[in-house]
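Single-structure report; data block below.
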Amino acid sequence: MKYLELRKNLVDYGKKMITDSLTTGTGGNLSLFIREDEVMLITPSGIPYHETTPSDIVLMTLDGTIIDSHRTPSSEYDMHRIFYQKSPKINAVVHTHSEYATVFACLQEEIMPLHYIIGSIGKKVRCCPYETFGTPELAEVAYETIGTDKGLLLGNHGTIAVGENLKDAFSVAKDIEFMAKLYYRARSIGEPVLLTDSQLEDVIDKFDTYGQLRTYGQK
């Protein structure tokens, strides 16, 4: 089986999405781009993560052609491949339905910079407008809204996180949920004090230098 270790990696991180409370049931999806071969590995549609095996992972080209699989790819493959087509440094995408982040997604409200960990994502967590799941329109609006950030709220839907590898993208997905919990809880007590633009720039510079900070919350 081609790309066996990468397939196993996707299976393992799919299970972590469940155990780390980033989604429930079969919600969300994950993918990897093998840039030298211009092919994508993506989780299948509708199979529980703890039942997914390496052979269930779908190997496909960016034009949508399935190369090797007896499964149907995630319905969100458009939202994955657009980043691989247009962003030369992105090789992994993680899409979640994590609870607190999805609350803000359903409000179509951005998560503001009340804690420095937001620097692993951007200066805030933006939210794109709602589009029907699994459509090119959702892929386009997600890509256009995220800009140079590493994560995004999908309006009335969930989250998306991107990275140079799966570990980085998964870490960003966890950081989005962490920030959402903090913002929700802080606002239930009062009005959080937000970091300034200058403070955020300092934090982002440090994230670029100190790679271990990128894995905040990672087990």
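Okay, so the sequence shown: first residue is 433 according to the working numbering, each after it adds one.
C-beta: ideal position from N, C-alpha, C; glycine also.
Quick caveat, the model's predicted, so the values are computed rather than measured.
Where residue i falls, given that 16 or more other Cβ within 10 Å makes a residue buried
i, result
"L539", "exposed"
"E508", "buried"
"G622", "exposed"
"Q644", "Note that Q644 has pLDDT 46, beneath the 50 cutoff, so the model's placement of it is unreliable and the number below is only indicative. Exposed: under 16 other Cβ atoms inside 10 Å."
"H482", "exposed"
"T497", "exposed"
"K606", "buried"
"T580", "exposed"
"E563", "buried"
"R619", "exposed"
Best match in the options for proximity to residue i [C-alpha to C-alpha]
i, options, result
"D640", "N461, I522, I553", "I553"
"L626", "P545, T577, T567, G551", "P545"
"M472", "Y435, G590, E563", "Y435"
"K518", "I578, E633, I499", "I578"
"A571", "V557, K556, G587", "G587"
"Y615", "V557, V604, K448", "V557"
"I608", "A618, I636, N461, K582", "K582"
"E531", "K599, S501, G460, H547", "G460"
8 Å Cβ cutoff met for residue i and residue j
i, j, result
"T493", "E468", "no"
"A533", "N597", "no"
"Y602", "I549", "The sequence given here places Phe at residue 602; Tyr does not occur at that position. Not a contact, by the Cβ cut-off of 8 Å."
"C559", "V573", "no"
"H529", "T628", "no"
"P486", "R439", "yes"
"A612", "V526", "no"
"H499", "G595", "Note on residue identity: the sequence assigns Ile, not His, to residue 499. Contact: no."
"F465", "Y516", "yes"
"I543", "S506", "no"
8 Å CB neighbourhood of residue i in its chain, flanking five on each side removed
i, result
"I414", "There is simply no residue 414 to check, as the chain begins at 433 and stops at 651 in what is shown."
"T567", "D510"
"E664", "The question about residue 664 has no answer, for the chain in this structure spans 433 to 651."
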